[in-house]
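From first to last, the protein sequence lines stand for chains U and E.
Residue 1 is where the first sequence starts when you use our numbering, and the numbers rise one by one after that.
Residue 1001 is where the second sequence starts when you use our numbering, and the numbers rise one by one after that.
Input: a single structure, listed below in structure tokens.
There are 2 protein chains.
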Amino acid sequence: MAAENEKSRLDDAARAGWLYFIAGHTQDEIAKMLQVSRASAQRLVSLCLAERLITFRLEHPIAACMELAARLKERFDLAHCEVVPADPAAPQATAGIAERCANLLDSTLRSETPVIVALGTGRAVRAAVERVTPIDRPNHQIVSLVGNISADGSASFYDTVGRLADRTGARHYPMPLPFLMSSEDERNKMVRIEPIAKVKAVAAKADLRLVGIGQMDQKAQVHVDGFVTRDELFEMMRQGAIGEITGWAYDSKGRLLKAGTNRRLTSIPPEVPAKTTTIGAAVGAAKVAAIAAALNGRLINGLITDEATARAILER
Amino acid sequence: MAAENEKSRLDDAARAGWLYFIAGHTQDEIAKMLQVSRASAQRLVSLCLAERLITFRLEHPIAACMELAARLKERFDLAHCEVVPADPAAPQATAGIAERCANLLDSTLRSETPVIVALGTGRAVRAAVERVTPIDRPNHQIVSLVGNISADGSASFYDTVGRLADRTGARHYPMPLPFLMSSEDERNKMVRIEPIAKVKAVAAKADLRLVGIGQMDQKAQVHVDGFVTRDELFEMMRQGAIGEITGWAYDSKGRLLKAGTNRRLTSIPPEVPAKTTTIGAAVGAAKVAAIAAALNGRLINGLITDEATARAILER
DNA sequence: CGGCCATTCGATCATATGCTCAACTGTTGG
DNA sequence: CCAACAGTTGAGCATATGATCGAATGGCCG
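Take a look at the structure:
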């Protein structure tokens, strides 16, 4: 008898769910139809949900992205995660994620109360800055996590801080240092001088850090851009380097290496584990291992990527 | 550009739909996530529905029934329609529909204001009456649409009116006449006498008519039960009879025949087209044609059947 | 370049929904 | 037969939702 009641209860739940979700009736109407109180109708509808009698199917590429983002967020305990549809025409395109990063910057910078935004390297970050909606926020601060003087002494192409400051009127703190110093001692000396210490102090209070993630292979961006030599790159790879964030190389477990270029690097080191919102932005099959390692090592606590990359990370 | 906006709008709609239905967020939360006003979030969710980006799937036998009922209701413009799951173990079982009929009677009789319920023939109707919850409603009236004296002069097995009156304390009006008179003249004479005219008058004011539907073939219930002879049955079939309601035979278009037993029948004729709620209750492959004809001829404006029968009716 | 039309937007409000809590119903164990 | 109890029920309320309407935006034509 209990079983029969159970069954008829589920039948009613299914009926209510059908009437609610498919026929589009209100719970009041359903209550009248099924001869129960509205409260009971509500219970039936929610039972229908709870028992998974009804399922929702979203027939749209976005659906998969939302799903992947939710899984990444869960798996790596992320504060923020966005997955954009992969553009089949250009799988490596940063356009999609740049758009989302710009959106993130927009919404952060829109705040009237002063915020501090720290920027790392990466094409996605650079492209994001270009898409930020200009807005007047003189009380915000934009700080660079990475030296913007390249090997030849000129200001780097990656002057994202300056560009973003242009668009917002915010105070900005570029890091007037070469990417690499010639020795560990020299690095240690430099980062203690006043202007640099100031940048470090501001960066430490950043409300948002947006960083690119680079893979450490023959096509590593830090090498392609001429910041590290072929030999330096290979040495780091021998040491187990699999990826880098603001130049800081880390291994497949996301542990920062204590050797090679990391000893001479002027960039502000990542906070480990990431406490302030630190969003990595990266796409591409080549970067999957680097991204996964950064997530596992908690070098970042947020991620913006595309569908294909997200899938690859989850399938590792 | 328009196409791109369109696309991103649908993307957002899908996103909103996902967050709403699948992730279970409120529209307020979604509005914050997508950086839009709550009103816009609501519009996105409803756009998602309107564009059918999201679909609902109800994984339950009931779902198909609800669907069939909705289609029958639409197709035949019915005031009421219920489809119960077919019992694979007993395809002809009236148990399911009897339950629903009883439910219908229950809810009708529950009313405090006096109601008049008229009952026709049929096993389903009979079984329904047995399942009605006893309730004290002395001001209701139960009236028979069909003579309850069988050929041999005894009260018929189908004394549904009496049984229902027992359970409700309602006044009841059986029809103290044989099913068939010996001639048209005699029938016309009998239906004019006072007690019968009274029954007719009450029946005319019925709030609900619940009738069985019989097929007119070798196994026609009216013949099996001995109300009409084999010859009478065959004669009606020759005239095109395909089904009967309270004994009134009709053809495949649902038109009442003006010949044969219909001329000598004492039953109260159906209202055509049915205006007051007139619910047919019937299941079985053999009855499909009869039910469809009754629906098309508007001899009934409501139907209670099972899944298999409903499907067959719609597929004709 | 300006004005017009067609959307779109967000404030506001009526309605629908979900939840809490106290009362109730049927059940089980004395 | 009664009492304790677990599970349900519906009233009432706080919140969420959906519709309306005036304002604003943007595109298009003169």
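Ideal Cβ placement from N, Cα and C applies to all residues, glycine included.
Note that this is a predicted model, so its numbers are computed, not measured.
- E1099 of chain E and A292 of chain U have their C-alpha atoms roughly 59 Å apart.
- Between L1164 of chain E and I1142 of chain E, the beta carbon gap of about 5 Å places them in contact (Cβ cut-off 8 Å).
- At least one beta carbon of chain U lies nearer than 8 Å to the beta carbon of L1058 of chain E.
- A Cβ-Cβ contact shorter than 8 Å links L1058 of chain E with I22 of chain U.
- Between L1299 of chain E and I1245 of chain E a beta carbon distance of about 6 Å is seen, short of the 8 Å cut, so the two are scored as contacting.
- The alpha-carbon of V1288 of chain E is positioned some 6 Å away from that of T1309 of chain E.
- Close to chain U, meaning a Cβ-Cβ distance shorter than 7 Å, are the following residues of the region 1029 to 1062 of chain E: Q1035, L1053, I1054, T1055, F1056, R1057, L1058, E1059, H1060 and I1062.
- Among the CB atoms of chain U, none fall inside 8 Å of the CB of R1071 of chain E.
- Taking a Cβ-Cβ cut-off of 9 Å, the neighbours of S107 of chain U in chain E comprise Q1035, given in sequence order.
- By the criterion of a C-beta distance shorter than 8 Å, I1213 of chain E is surrounded in its chain by G1122, G1243, E1244, I1245, G1280, A1281, A1282, K1287, A1290, I1291, A1294 and I1300, once the five residues flanking it on both sides are discounted.
- For G240 of chain U, no CB of chain E lies under 8 Å from its own CB, so it is not counted at the interface with that chain.
- For V115 of chain U, no pairing in a beta bridge is given by DSSP.
- Here E82 of chain U is buried, its C-beta having at least 16 other C-beta atoms within 10 Å.
- Short of 7 Å from the beta carbon of D1166 of chain E, and not among the five residues preceding or following it, lies no beta carbon of its own chain.
- Sequence-distant Cβ neighbours of L68 of chain U in its own chain, meaning closer than 8 Å and more than five residues away, are V83, E307, A310, R311 and L314.
- Cβ neighbours of T108 of chain U within its own chain (closer than 8 Å, five residues either side excluded): V115, V117, D207 and L208.
- Cα atoms of A1041 of chain E and K258 of chain U: separation of roughly 48 Å, rounded to the nearest angstrom.
- For D1011 of chain E, the C-beta contacts it makes with chain U under 7 Å involve I62, in order along the chain.
- At a cut-off of 8 Å between beta carbons, A1128 of chain E makes no contact with chain U.
- Setting aside the 5 residues that flank it on each side, P273 of chain U is surrounded in the same chain by R298, each with a C-beta closer than 6 Å to its C-beta; the list follows chain order.
- Counting every other CB atom within 10 Å of its CB across the protein chains shown gives R1187 of chain E a total of 16 or more, marking it as buried.
- Straight through space, the alpha carbons of G96 of chain U and H60 of chain U are spaced by roughly 17 Å.
- Uninterrupted alpha helix (DSSP H) stretches at least 4 residues long and entirely within the region 1208 to 1273 of chain E occur at 1221 to 1224 and 1230 to 1238, given in chain order.
- Residues of the same chain with a CB within less than 8 Å of the CB of M1190 of chain E, apart from the 5 flanking positions on each side, are L1177, M1181, I1196 and T1266 in chain order.
- Non-local C-beta neighbours of L1047 of chain E in its own chain, meaning closer than 6 Å and more than five positions away in sequence, comprise A1013, ordered along the chain.
- Taking CB atoms only, F1021 of chain E has a neighbour in chain U less than 8 Å away.
- Among the CB atoms of chain E, one or more fall inside 8 Å of the CB of A14 of chain U.
- Not a single C-beta of chain E is nearer than 8 Å to the C-beta of W248 of chain U.
- Bounds of any alpha helix (DSSP H) do not take in M1175 of chain E; it lies within the beta strand (DSSP E) bounded by R1171 to P1178.
- When only Cα atoms are considered, T94 of chain U and C101 of chain U end up about 10 Å apart.
- Under a criterion of Cβ atoms nearer than 9 Å, no residue of chain E is adjacent to G96 of chain U; the nearest Cβ is some 11 Å distant.
- Secondary structure at E51 of chain U: coil, using DSSP grouped into helix, strand and coil.
- Chain E has no Cβ within less than 8 Å of the Cβ of G122 of chain U.
- Within the same chain, and ignoring the five residues on either side of T160 of chain U in sequence, the residues whose Cβ sits closer than 7 Å to its Cβ are L119, V125, R126 and V129.
- R52 of chain U counts as exposed, since fewer than 16 other beta carbons sit within 10 angstroms of its beta carbon.
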